[in-house]
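Remarks on the structure that follows.
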Amino acid sequence: MKPALVLLLLLLSACGHKGALVRATDDSKLTNAQVRAMKKEEGAATMKALIPPAQAAPKRVDDGAVPSGVRQDDPFNLPPADTVEKPR
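For the sequence shown, the residue numbers in mature numbering (1 follows the signal peptide of the UniProt record, and there is no 0) are -19 to -1, 1 to 69.
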């Protein structure tokens, strides 16, 4: 029983086949004009990929600290626990 189960699992593990392999095109059959056109398209795509998106190159902010004016009283701004006097 176990050898049959192992064989079945091995056979099922090889079921990841997507499709037949396709041979790459032979560049020797292309004319010089076709090769130049293909390289021109590749060059344009390369230059487009080299331009960073807006998120990668954010605008520069010269002054990060903006004056905030008068701050309101913060009820949670308490001193550290060891500096507070305990009532007796």
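Ideal placement from N, C-alpha and C gives every residue a C-beta, glycine not left out.
Since this is a predicted model, take the numbers as computed values, not measurements.
Each residue's CA atom was taken as its position, placing residue -2 and residue 43 some 55 Å apart. Contact between residue 16 and residue 8 holds, with the beta-carbon distance rounding to 7 Å and staying under 8 Å. Between the C-alpha atoms of residue 18 and residue 37 there is a straight-line separation of about 31 Å.
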